[in-house]
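Enquirer: Structure incoming, see below.
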Amino acid sequence: MTPEEFFAWQLHQEECYELVGGVPVLRRRDARQQHDPATVNIIVSLHTQLRGSGCRPMTADIYDGLTFGPRWDPAGTPPEG
Numbered sequence: 050m051t052p053e054e055f056f057a058w059q060l061h062q063e064e065c066y067e068l069v070g071g072v073p074v075l076r077r078r079d080a081r082q083q084h085d086p087a088t089v090n091i092i093v094s095l096h097t098q099l100r101g102s103g104c105r106p107m108t109a110d111i112y113d114g115l116t117f118g119p120r121w122d123p124a125g126t127p128p129e130g
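Numbering (the working numbering), first residue to last: 50 to 130.
If you want it as structure tokens, here you go:
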């Protein structure tokens with residue numbers, strides 16, 4: 050499943066999913082409470098650093114028609130494109 054297909058599909062689901070390796074995976078309910086403080090700290094820090102740049106940080110809950118280009122491969126293979 051492509052990211053675009055996933056986001057269109059996710060709009061019609063009652064539960065929250067993540068796209069992992071092209072496969073929708075049900076998101077753990079308790080993960081948000083555990084990760085939320087870290088997310089808040091990162092967003093605040095990024096917001097401060099980006100002030101005046103015209104950019105703003107967003108969480109994974111925001112989808113605004115993003116385009117998806119080449120991906121970075123953690124194994125070190127340069128992205129295609």
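Even glycine gets a Cβ: it sits at the ideal position worked out from N, Cα and C.
1. From the DSSP secondary-structure annotation, give me the bridge partner or partners of L68.
2. S102 to A87, Cα distance in whole Å?
3. Going by the beta-carbon positions, is the gap between L75 and E63 smaller than 8 Å?
4. From L95 to D85, what does the alpha carbon distance come to, in whole angstroms?
5. List the endpoints of the continuous alpha helix (DSSP H) containing P52.
Expert: Put simply:
1. P73
2. 23 Å
3. no
4. 15 Å
5. 52-59
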